[in-house]
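Below you'll find the structure, written out as structure tokens, and then a few comments.
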Amino acid sequence: MKHTFRHLLGGLLLALALPAAAACPRIVSQSPYITQALDWLGRGDCIVGVSRYDKRDLPRTGGVKDPDVGAIAALNPDLVVISKGSDPAQLDMLEPEARILQVDGFDSMAQTEAMLARLAEAAGVADGKAKVAAYARDWRARAAAVKGGGKRVLVISACSAQPYSFGRGHVVGDAFAHAGFEVVETAERIRHLRPGEEIPGIVAAVERFKPELLFSLTPENAETCSAELGLVSVPVVGLEGRHFFNPGPALLTGLAQLAEHTQQ
């Protein structure tokens, strides 16, 4: 009850502080994808602190699971935005009080839209509704341009210590489904592909799901990818992971890149 009341009070105070939606609230972003979304919404200059995972040259405020309450409080924020993986109760002792906004976006493209809309409202973005409406139109148009044709695909991240595949209940799988592909992974969100798991590797996943194409999303910091990519029996298409891993505006570029590959 205390936490709910505090959120309502924080939201009211923030609304009163931004009567013209032009003032710049002091925002702490606890995840890089939140920072990217705020940049896209035109509120990047309002960010005063970021998590340890962020590339912005700003004060660090801990991580998703372990926010540094002292560091956050020292920044005197109006708004602290946390992701689904964070526990809002960890910020109950934040002084002075700030509005705590928890967002997601990793389940689907529609949820990503909702995340952008909530951020725009909380940050007082004057043209926020128009921006989100444009995003909704753009991603749907770009997905339609891919013309997947119902082709069976397995979408994986194979350039990390633990390769995994994406299901329809993850925004990546949902994006590929909207692009016209049949995402063959049956796990709802992600499935780890490694020894000891139900499906012990990439080759085993291909043998089980029998995709026509394998899409491999490569992170920016990847040094090596799984050698299994060279052993699979289907064509492999490499895509830049930075355009897919974070829910939000980067997905527009990812869908455009996906369309380029299908039209070659």
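Start counting the sequence shown at 4; every next residue gets the next number (this note's numbering). Ideal Cβ positions, reconstructed from N, Cα and C, are used throughout, including at glycine. Every value quoted in this text rests on a predicted model; they were computed, and no experiment measured them.
Among the options, the one whose alpha carbon lies nearest that of residue i
| i | options | result |
| --- | --- | --- |
| Q93 | V240, D71 and Q114 | D71 |
| E188 | H181, E243, R197 and H173 | H173 |
| S219 | G176, V149 and P80 | G176 |
| A164 | G88, F184, S34 and P222 | P222 |
| V237 | G170, H264, R155 and H246 | R155 |
| F248 | A129, F179 and L97 | F179 |
| R63 | K87, G88 and Q33 | Q33 |
| P232 | A190, G170 and C162 | The sequence shown places Leu at residue 232, not Pro. Here the closest residue by C-alpha is C162. |
| S89 | E215, S54, A253 and A74 | S54 |
| A76 | K68, E98 and K87 | E98 |
| D191 | P198, A139, G199 and R171 | Residue identity differs from the one stated: residue 191 is Glu in this sequence, not Asp. Out of P198, A139, G199 and R171, R171 has the C-alpha closest to the C-alpha of E191. |
| H264 | V240, G244, K134 and A253 | V240 |
| Q266 | L122, A230, L61 and A147 | A147 |
| A253 | Y138, G66, A133 and A230 | Y138 |
Residue i in three-state terms, based on DSSP
| i | result |
| --- | --- |
| L29 | Strictly speaking, residue 29 in this sequence is Arg, with Leu absent from that position. Coil at R29, not helix or strand. |
| R143 | helix |
| V106 | strand |
| Q258 | The sequence as given places Leu at residue 258; Gln does not occur at that position. If DSSP states are grouped into helix, strand and coil, L258 belongs with the helices. |
| L157 | strand |
| K150 | coil |
| K134 | helix |
| Q266 | coil |
Cβ shell of residue i (< 8 Å), same chain only, five flanking positions each side left out
| i | result |
| --- | --- |
| G251 | Y36, Q39, A40, W43, G108, T115, M118 and L119 |
| Y167 | I159, S160, I193, R194, H195 and L196 |
| R211 | I202 |
| E124 | G131 |
| C228 | A161, C162, S219 and T221 |
Neighbourhood of residue i by C-beta, 6 Å cutoff - its chain only, sequence neighbours within 5 removed
| i | result |
| --- | --- |
| V51 | R29 and L78 |
| F184 | G151, K154 and V156 |
| A24 | Bear in mind that the predicted position of A24 carries a pLDDT of just 47, short of 50, making it unreliable; the figure below should be weighed with that in mind. Counting only Cβ-Cβ distances below 6 Å, and skipping sequence neighbours, we find G127 and A129. |
| K87 | D107 |
| D57 | P35 and T38 |
| A74 | T64 |
Own chain partners of residue i with C-beta closer than 7 Å, once the 5 adjacent residues on each side are dropped
| i | result |
| --- | --- |
| A126 | P28, I30, L41, L44, R46, C49 and L82 |
| S111 | V174 and D177 |
| L261 | V149, A182 and L242 |
| R145 | L255, L258, A259 and A262 |
| V235 | I205, V206, V209 and L217 |
| P91 | H6, I85, I103 and Q105 |
| L61 | I50, V51, G52 and V53 |
Start-to-end residues for the alpha helix (DSSP H) that takes in residue i
| i | result |
| --- | --- |
| Q114 | M112 to A125 |
| query | Which ranges would you report for the beta strand (DSSP E) in the segment 168 to 256 if only whole runs of at least 3 residues count? | reply | Counting whole runs of 3 or more residues, the segment 168 to 256 contains the beta strand (DSSP E) stretches 193 to 195, 216 to 221 and 239 to 243.
| Secondary structure, beta strand (DSSP E): runs of 3+ residues fully inside the segment 36 to 94 | Counting only runs of 3 or more, we get 50 to 53 and 82 to 86.
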